[in-house]
Amino acid sequence: MTTKQLALVIDLNVCVGCHACVTSCKEWNDGGSAGPLSDMNSYGKDPTGTFFNRVQTFEVGEFPDTETVHFPKSCLHCEEPPCVPVCPTGASYKRAEDGIVLVDYDKCIGCGYCAWACPYGARELDPTEKVMKKCTLCVDRITDELLPPQDRQPACVMACPTNARLFGDVHDPESVVSKAIRERGGYALMPEWETRPANQYLPRRKTEPKA
Amino acid sequence: MKPAWSVILLTTQIGAAQGLFLLVFLLNIFKTPPREFVLVSCAVSLGLLISGLIASFFHLGRPERAWRAASQWRTSWLSREVIVLPAFMGMVALYGLLIFFEFEKNISIWVGGVAVLLCLALFICTGMIYACLPFLQEWRSPLTLVNFFLLGTASGLTLSVPLAVIAHPQFVGPLALGAFALAAVAWAVRIASLVRNARLRPKSTMASAIGIAHPRIVQKAQGFMGGSYNTREFFHRRPDLLVRAVRWSFLLLLFPVPAWLLGWGGGSLATFIAAFALQFAGLLAERWYFFAEARHPQNLYYQAAS
Numbered sequence: 000m001t002t003k004q005l006a007l008v009i010d011l012n013v014c015v016g017c018h019a020c021v022t023s024c025k026e027w028n029d030g031g032s033a034g035p036l037s038d039m040n041s042y043g044k045d046p047t048g049t050f051f052n053r054v055q056t057f058e059v060g061e062f063p064d065t066e067t068v069h070f071p072k073s074c075l076h077c078e079e080p081p082c083v084p085v086c087p088t089g090a091s092y093k094r095a096e097d098g099i100v101l102v103d104y105d106k107c108i109g110c111g112y113c114a115w116a117c118p119y120g121a122r123e124l125d126p127t128e129k130v131m132k133k134c135t136l137c138v139d140r141i142t143d144e145l146l147p148p149q150d151r152q153p154a155c156v157m158a159c160p161t162n163a164r165l166f167g168d169v170h171d172p173e174s175v176v177s178k179a180i181r182e183r184g185g186y187a188l189m190p191e192w193e194t195r196p197a198n199q200y201l202p203r204r205k206t207e208p209k210a
Numbered sequence: 000m001k002p003a004w005s006v007i008l009l010t011t012q013i014g015a016a017q018g019l020f021l022l023v024f025l026l027n028i029f030k031t032p033p034r035e036f037v038l039v040s041c042a043v044s045l046g047l048l049i050s051g052l053i054a055s056f057f058h059l060g061r062p063e064r065a066w067r068a069a070s071q072w073r074t075s076w077l078s079r080e081v082i083v084l085p086a087f088m089g090m091v092a093l094y095g096l097l098i099f100f101e102f103e104k105n106i107s108i109w110v111g112g113v114a115v116l117l118c119l120a121l122f123i124c125t126g127m128i129y130a131c132l133p134f135l136q137e138w139r140s141p142l143t144l145v146n147f148f149l150l151g152t153a154s155g156l157t158l159s160v161p162l163a164v165i166a167h168p169q170f171v172g173p174l175a176l177g178a179f180a181l182a183a184v185a186w187a188v189r190i191a192s193l194v195r196n197a198r199l200r201p202k203s204t205m206a207s208a209i210g211i212a213h214p215r216i217v218q219k220a221q222g223f224m225g226g227s228y229n230t231r232e233f234f235h236r237r238p239d240l241l242v243r244a245v246r247w248s249f250l251l252l253l254f255p256v257p258a259w260l261l262g263w264g265g266g267s268l269a270t271f272i273a274a275f276a277l278q279f280a281g282l283l284a285e286r287w288y289f290f291a292e293a294r295h296p297q298n299l300y301y302q303a304a305s
């Protein structure tokens, strides 16, 4: 627990489902070290594409007592990533220094077994590169010392207009993400599989109207 | 899950090959069948192993890098399979050569013994690739391993019957009886796993998937209107009727149909070949269903496009 574990904390209370994190992620990662993120048939009948991040929308409750929840989903950078030990080539790995789960695109044989082993559906096989792709937490951006320090953040975090995405080291108790998890009841997805996701979500809050 | 034909063809073919080799090795120890029968069986077994291996390459996005898959044997059952399969092929070939050149029986028994160990290891590796994934609850069971073993050995035994007609007619009766009995056991265990899986309750729910404790959560948008890897790889998108038809067809083809042909088909070469061919078709259907039946929790996130 002493080493660094970088992660995102996503605030469902303020996410408005604008998809700015999706488009900024696609824009940044379509090039650079992770790119391309191939799209096929973009203007045709059955378009399909590779993305690291999606914003989904759920309706909770029964009409008229419903709540709309916008729910961004990307790789959760699990502390016990089930995708890593199953990889037959060692292409999937968890970085010791910061806990980011990455794919070495030069070693991946595109067998798809890691995607079977991920309960969250966080991995997508690129249709032209034929290797597995997934969120890198913008590893080429957050470690780039040529960028000013405030820009060394994942593209999705930079783009979010409501500050629904926080980024930091969840093993540092004083970090912004650790404080948010502690103070606002951060939780992990599908805890039943004991993958211990590093990314966590902040629940929605009831706000009483002030008369 | 979407059934992967490359993997279906791999597991069914190598299963039959493994069963056939196990049988021939045991026969050669205890019964000394004619050399031709052992040689033909080894050749057929090796042919099926090669054919299965070729099929498996079609599962890979980057087959030219397949050699890298042997590196993670410490943690990955897939990597272990990648090592054990060619090793087993090599030992079957060597065993066949020793028989062909009529080496001392002691040597061939040692070599064959190593091949048998590799054969059993291969059954374990293949089964564990599926059984080791905790959240694919339909696969997460010792029955997965037992099924791979029993269906493989049963089909190998059925395959040995027409080979015996050609190379060793005295054995046809006992082998047909053995194939009948083993297919019956494999069939019963497969039904047991169907019963087990029908009673499963998915551990993951919409509530655990998005972390909101509410009994009624409906997806309104999965985030895109077109397709993605997630919407293709994990859904078979076949109507229920077809899935049920596949289940009934493999239940008929794995045991009742070949059993009838083995026992009451008249004993000609053609009926024994038909018995194996139909049982193998049943195996293909069984493996297809094995995939189609498995419900991946990621599917909770891909329910509705709008």
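Chains as they are written, first to last, in numbering that gives the first Met the number 0: chain A, 0 to 210; chain B, 0 to 305. Beta carbons: idealized from backbone N, C-alpha and C, even for Gly. Source: prediction; values computed, not measured.
Check                                                                                                                                                             : Outcome
So, helix, strand or coil for A:Asn162, using DSSP?                                                                                                               : coil
Would you say B:Phe233 reaches chain A, if we count a Cβ-Cβ gap shorter than 9 Å as a contact?                                                                    : yes
Interface residues of chain B around A:Phe70 at Cβ under 7 Å?                                                                                                     : Ile209
Go through the segment 177-202 of chain A residue by residue and report every complete run of the alpha helix (DSSP H) that reaches 4 residues or more, in order. : none
Between A:Cys192 and chain B, is the shortest Cβ-Cβ distance under 9 Å, so that the two count as touching?                                                        : As written in the sequence, residue 192 of chain A is Trp, which differs from the Cys given in the question. At least one chain B Cβ lies under 9 Å of A:Trp192.
Mind checking who B:Ala292 pairs with in its DSSP beta bridge?                                                                                                    : The sequence given here has Glu at residue 292 of chain B, not Ala. B:Glu292 pairs with nothing; no bridge assigned.
For A:Gly98 versus A:Thr2, is the C-beta spacing smaller than 9 Å?                                                                                                : yes
If you follow the alpha helix (DSSP H) that B:Gln17 is in, where does it begin and where does it stop?                                                            : 4-29
Which of helix, strand or coil does DSSP assign to B:Ala178?                                                                                                      : helix
In chain B, which residues lie with their C-beta within 8 Å of the C-beta of A:Ala116?                                                                            : Leu132
Should B:Phe170 go down as buried or exposed, given a rule of 16 or more other Cβ atoms within 10 Å for buried?                                                   : buried
So if DSSP puts A:Tyr92 in a beta bridge, which residue, or which two residues, is it bridged to?                                                                 : A:Leu101
To the nearest angstrom, how far is it from the Cα of A:Ser32 to the Cα of A:Val138?                                                                              : 9 Å
When you compare each of B:Ala284, B:His213, B:Asn229 to A:Asp64 by their alpha carbons, which one comes out closest?                                             : B:His213
Can you check DSSP and say which residues form a bridge with B:Ala120?                                                                                            : Paired residue(s): none; B:Ala120 is not in a bridge.
From A:Arg204, A:Pro202, A:Arg203, A:Pro190, pick the residue whose C-alpha is nearest to that of A:Glu79; which is it?                                           : A:Pro190
Check whether chain B comes within 9 Å of A:Val85, counting only Cβ atoms and requiring the distance to be less than that.                                        : yes
Can you tell me whether DSSP reads A:Ser73 as helix, strand or coil?                                                                                              : strand
Which word fits A:Val175, buried or exposed, when buried means at least 16 other C-beta atoms lie within 10 angstroms of its C-beta?                              : exposed
Run through the DSSP bridge pairs and tell me what A:Glu61 is partnered with.                                                                                     : A:Asp64
Could you check what DSSP says for B:Met0 in three-state terms: helix, strand or coil?                                                                            : coil
What are the complete alpha helix (DSSP H) segments, minimum 4 residues, inside the segment 98-147 of chain B?                                                    : 104-130
Chain A beta carbons: is any one of them nearer than 9 Å to that of B:Phe223?                                                                                     : yes
Return the CA-CA distance between B:Ser5 and A:Lys106, expressed in angstroms with no decimal places.                                                             : 21 Å
Name, going along the chain, the residues of the segment 63-75 of chain B whose beta-carbon falls closer than 8 Å to a beta-carbon of chain A.                    : Arg64, Ala65, Arg67, Ala68, Ala69, Ser70, Gln71, Thr74, Ser75
What are the residues of the segment 182-209 of chain B that lie near chain A, defined by any Cβ-Cβ distance shorter than 8 Å?                                    : Lys202, Ser203, Met205, Ser207, Ala208, Ile209
Can you check whether the CB of B:Gly95 is closer than 9 Å to the CB of B:Val37?                                                                                  : yes
Secondary structure at B:Arg73, three-state DSSP: helix, strand or coil?                                                                                          : coil
Give the range of the beta strand (DSSP E) segment to which B:Ala208 is assigned.                                                                                 : No beta strand (DSSP E) contains B:Ala208, which is instead part of the alpha helix (DSSP H) from 205-209.
Counting C-beta neighbours from all protein chains within 10 Å, is the total for B:Tyr228 16 or more, i.e. buried, or is it exposed?                              : buried
If you count every other CB in all the chains shown that lies within 10 Å of the CB of B:Asn105, and 16 or more means buried, which is it?                        : exposed
Taking C-alpha atoms, which residue in A:Gln152, A:Asp103, A:Trp192 lies nearest to B:Arg139?                                                                     : A:Trp192
When the Cα atoms are used, what is the spatial distance from B:Ala180 to B:Trp76?                                                                                : 31 Å
Quick one: is A:Pro160 buried, meaning 16 or more other Cβ sit within 10 Å of its Cβ, or exposed?                                                                 : exposed
Using a Cβ-Cβ cut-off of 9 Å, state whether B:Val83 counts as contacting chain A.                                                                                 : no
In whole angstroms, give me the CA-to-CA distance for B:Leu9 and B:Leu48.                                                                                         : 8 Å
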